[in-house]
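Working notes, beginning with the structure itself.
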Amino acid sequence: MEKVVFTRGTLVYFDDLVYTLFSENYFSFEENAQNYVDKIVNYIIIKEIDSFPQKTTPKKLRALGSFYIFYKANKRTTWYVFFEKKKGQYLVTSILNNYCKEVGNLS
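Here the sequence shown is numbered in this note's numbering, starting from 186 and rising by one per residue.
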């Protein structure tokens, strides 16, 4: 069984994301924003990260993590999850969505 761990910075990002999604009216209720973020986290943990088609991160973005996968949350938003892996252990180091300029370097 694989073990997935999130860096402290990634956990803080998820907390901030809930607040941002709610405060900027992407969701009418804070609970809905939390559910949206929970779906991202569950995708990473429950779906077993090693079964995803992993890609090697380009050198320009290697500081985000050596590998990445993506999660298509809806028609408009795709999340890119960056991580390190070693012997069935996964450390999620960063996450970006398709609205971030850095994503242009992933092709």
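Virtual Cβ for every residue (Gly too), placed ideally from N, Cα, C.
Owing to the predicted nature of the structure, the values given are computational and were not obtained by experimental measurement.
In the structure shown, the three-state DSSP call for Phe268 is strand. The C-beta distance from Glu269 to Leu276 rounds to 5 Å, short enough to meet the 8 Å contact threshold. Below 8 Å, enough C-beta pairs join the region 188–202 and the region 221–241 to call them touching: three or more.
From the listed residues Val266, Phe214, Leu206, Asn290, the smallest Cα separation to Asp235 is found for Val266. Contact check for Leu246 against Asn290 passes: the beta carbons are separated by less than 7 Å.
Between the C-alpha atoms of Tyr256 and Ser213 there is a straight-line separation of about 23 Å. Contact check for Val203 against Ile230 fails: the beta carbons are separated by 7 Å or more. Remark: C-beta atoms of Thr263 and Tyr253 do not approach each other more closely than 7 Å. The alpha carbon of Leu249 has as its nearest neighbour, out of Gln239, Gln274, Ile280, the alpha carbon of Ile280. If you keep only unbroken alpha helix (DSSP H) runs of at least 4 residues inside the region 211–274, you get 215–231. For Val197, the enclosing alpha helix (DSSP H) stretches over residues 193–208.
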